[in-house]
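Mapping of the sequence shown onto full-length UniProt numbering: residues 1 to 274, in sequence order.
Backbone N, C-alpha and C define an ideal beta-carbon position, used for all residues, glycine too.
Here the structure is a predicted model, which means the values were calculated and not measured.
Notes to accompany the following structure.
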Amino acid sequence: MTISKATLTTARDTGVLVNKLASKISCISYQSMRRSSRVLREFVLYYFPIYNLSINDFFRFYPILGFIEALVYQTDDEVEKIQSEGYEKLHTSPWHSKQEMILAVLEEYNLKHCQVEFYMQKLGEYFELETQILATSHVTHGMIKKAAELRSSDYRVLHCTLLKMLGLNYSEEELNEELRLMWPLEVLNDIEDDLMFYSEDVEAKHYNTYRMFVKVYGEKAPYFLKKELDFYESLFHKQIGRFSGIKRESFIKPWNAYRLDHPVPVIPEPILED
Numbered sequence: 001m002t003i004s005k006a007t008l009t010t011a012r013d014t015g016v017l018v019n020k021l022a023s024k025i026s027c028i029s030y031q032s033m034r035r036s037s038r039v040l041r042e043f044v045l046y047y048f049p050i051y052n053l054s055i056n057d058f059f060r061f062y063p064i065l066g067f068i069e070a071l072v073y074q075t076d077d078e079v080e081k082i083q084s085e086g087y088e089k090l091h092t093s094p095w096h097s098k099q100e101m102i103l104a105v106l107e108e109y110n111l112k113h114c115q116v117e118f119y120m121q122k123l124g125e126y127f128e129l130e131t132q133i134l135a136t137s138h139v140t141h142g143m144i145k146k147a148a149e150l151r152s153s154d155y156r157v158l159h160c161t162l163l164k165m166l167g168l169n170y171s172e173e174e175l176n177e178e179l180r181l182m183w184p185l186e187v188l189n190d191i192e193d194d195l196m197f198y199s200e201d202v203e204a205k206h207y208n209t210y211r212m213f214v215k216v217y218g219e220k221a222p223y224f225l226k227k228e229l230d231f232y233e234s235l236f237h238k239q240i241g242r243f244s245g246i247k248r249e250s251f252i253k254p255w256n257a258y259r260l261d262h263p264v265p266v267i268p269e270p271i272l273e274d
C-alpha cells in the first residue's frame with residue numbers, strides 16, 4: 001500500500017487526529033528497537049511493581065510501549081545526525097512527525113491518556129534544547145538542569161500510557177500523583193546513565209549531562225554533579241515520605257529495584273575538551 005506524505009500529515013480536528021493509517025505504516029528500525037529495549041527493561045523493573053504487575057504481564061502492554069519508545073530513539077538518531085552536521089537548531093524537528101504518528105495510534109486504539117500529549121511536547125522541547133546547548137559556547141547550569149528534567153519525558157509518556165491501559169486515566173491533577181512522584185527518580189536515572197557512557201559521548205561529541213557540567217565547571221564538575229544527584233534523590237524520598245503504609249511501600253519498591261539494578265555510580269574524572 002502506498003501512503004502519500006499528505007495522508008501522513010492529515011490535519012487535526014479540535015485536537016483529534018483523523019488519520020487511521022498510522023498503525024499500518026512501517027516506521028521503526030531495528031536500531032531504534034535495540035536501543036529502546038534498555039528503557040523498556042527499566043520501565044518493567046521500576047514501574048510494574050507499583051501496580052502489582054510482573055514480568056509475565058509485559059507482553060500485554062509491549063506492542064504500544066515498544067512502539068512509542070522505538071520512535072523516541074528513532075528521533076534521537078535523527079536529531080544526532082542533524083547535530084553532527086553543525087546545525088544550531090532543529091528547523092523541522094524529527095519528533096513532530098513521530099509524535100503525530102504515536103498520537104494517531106493511541107487515539108485509534110483508545111489508549112490516549114489525558115496528559116500524554118503534554119509530556120510528548122516536553123520531549124520535543126528537550127530535543128530542541130539539547131541541540132541548542134551543543135551548538136552554543138555559553139552553557140549555563142540552568143540550561144543543563146532544564147534539559148535533564150525534560151529529557152526523561154519519555155518515561156512519563158510510557159507511564160501515562162500504562163495508566164490508561166490500567167483504567168487509571170484521571171483528568172484531575174491531584175489524582176495523577178504517580179506521575180509526579182516518579183519524575184525525580186526518572187531524572188536521576190538519566191543522569192546516572194550518562195556517567196556510564198561519558199567517555200563514549202565525549203569522543204562522539206554527543207549530548208551528555210556530565211559532559212555539559214564539565215563544560216561549565218571544569219575540574220569542579222564532579223562536585224556540582226554530585227550535588228545535583230543528591231537533590232533528586234532527596235526530592236524523591238521527601239515526596240514519598242508524605243505517605244504511609246501501603247501507598248509508601250508501593251513507591252519504595254521502584255527505588256529498591258532501581259538501586260539494586262543501579263548501584264551508586266562513581267563519577268569519572270572530567271575530560272577537559274578544547
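K238 - DSSP class collapsed to helix/strand/coil: helix
Pick from K227, V216 and E149 that is closest to H138, judged by C-alpha positions: V216
CA-to-CA distance, R156 to L162, given in whole angstroms: 10 Å
Uninterrupted alpha helix (DSSP H) stretches inside the stretch 181-223 (no shorter than 4 residues): 198-204 and 209-217
Rounded distance between the beta-carbons of L225 and I267, thought under 8 Å: 6 Å
Range covered by the alpha helix (DSSP H) that runs through Y119: V116 to A135
Contact check, N169 vs H113, beta carbons under 8 Å: yes
Neighbourhood of E117 by C-beta, 7 Å cutoff - its chain only, sequence neighbours within 5 removed: L103
Burial state of I246 (16 or more Cβ within 10 Å): exposed
Within 8 Å, strictly: CB atoms of H159 and E178: yes
Exposure label - S152; buried when at least 16 CB within 10 Å: buried
From E249, V187, S234 and I64, residue whose alpha carbon lies closest to that of L123: V187
Segment contact flag, the stretch 39-46 with the stretch 249-265, C-beta cutoff 8 Å, min 3 pairs: yes
T140 - containing alpha helix (DSSP H), residue span: Where T140 is concerned, there is no enclosing alpha helix (DSSP H), given that its DSSP letter is neither H nor E.
Assumed close pair L150, L166 - CB separation to whole angstroms, cut-off 8 Å: At roughly 26 Å, the Cβ-Cβ gap does not stay under 8 Å, so L150 and L166 are not in contact.
Sequence-distant residues of its chain with Cβ nearer than 8 Å to I133 (five each side left out): V139, M143, I144, A147, Y207 and M212
Host alpha helix (DSSP H) of I82 (start-end): F58 to S84
Nearest-angstrom Cα separation, counted from S244 out to S30: For clarity, residue 30 is Tyr in the given sequence; the question names Ser instead. In a straight line, the C-alpha of Y30 is about 44 Å away from that of S244.
Where I252 falls: helix, strand or coil (DSSP): helix
S97 versus I64: straight-line alpha-carbon distance, rounded: 17 Å
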